[in-house]
Amino acid sequence: MKNITDYQRDQIVEHFLGTCNNVFTAEDVFDFEITPEDTEEALLDRNVEACQGCGWWFESGELVDPDDEEIIGYCEDCRD
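Mapping to UniProt numbering: the sequence shown position 17 is 17, numbers consecutive.
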C-alpha cells in the first residue's frame, strides 16, 4: 500500500462511510494519488467495510450478527 497519512485516511473514511461510493472513483475525488486497492486497504485500516448486499459502507461492527457476534458482511437492513 502506498504511504497514506492519517489525515488522508480520515478523508477517505469521511467520503465513504454511510454512502455507496465506489472505490474505483476515489482517484477522481481526492487531491492525492490513490488506487482502488489502496482505498479499500485504508478503509479496512479504519474498520470500514461495504455491505455485501447493498454496497453501502459501514463500520465493521455494524456488519456483525448481533445474536452470535459472527461477522456476516451484511448490514441490518439486508439481514432483515
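We treat Cβ as the ideally placed atom computed from N, Cα and C, and that holds for glycine.
Check: Beta carbon of T25, beta carbon of W57: below 8 angstroms?
Finding: In terms of Cβ geometry, T25 and W57 do not form a close pair [threshold 8 angstroms].
Next item on the list: Give the single residue among N47, L17, C54 and I12 whose Cα lies nearest to the Cα of residue 144.
Entry: The question about residue 144 has no answer, for the chain in this structure spans 1 to 80.
Check: Exposed or buried, what is L44 when buried is set at 16 or more other beta-carbons lying within 10 Å of its beta-carbon?
Finding: Exposed, since its Cβ has fewer than 16 Cβ neighbours within 10 Å.
Notebook entry, point to check: Quick one, are the C-beta atoms of Y74 and G55 less than 8 angstroms apart?
Noted result: Not closer than 8 angstroms, so no.
Margin query: Within 8 angstroms of any Cβ in chain B, is that where the Cβ of I4 sits?
Written below: Reference to chain B is not applicable here, since this structure consists of a single protein chain.
Note to self: Between which two residues does the beta strand (DSSP E) holding N58 run?
What the structure shows: In the sequence under discussion, the amino acid at residue 58 is Phe, which differs from the Asn named in the question. W57 to E59 is the span of the beta strand (DSSP E), which, as asked, contains F58.
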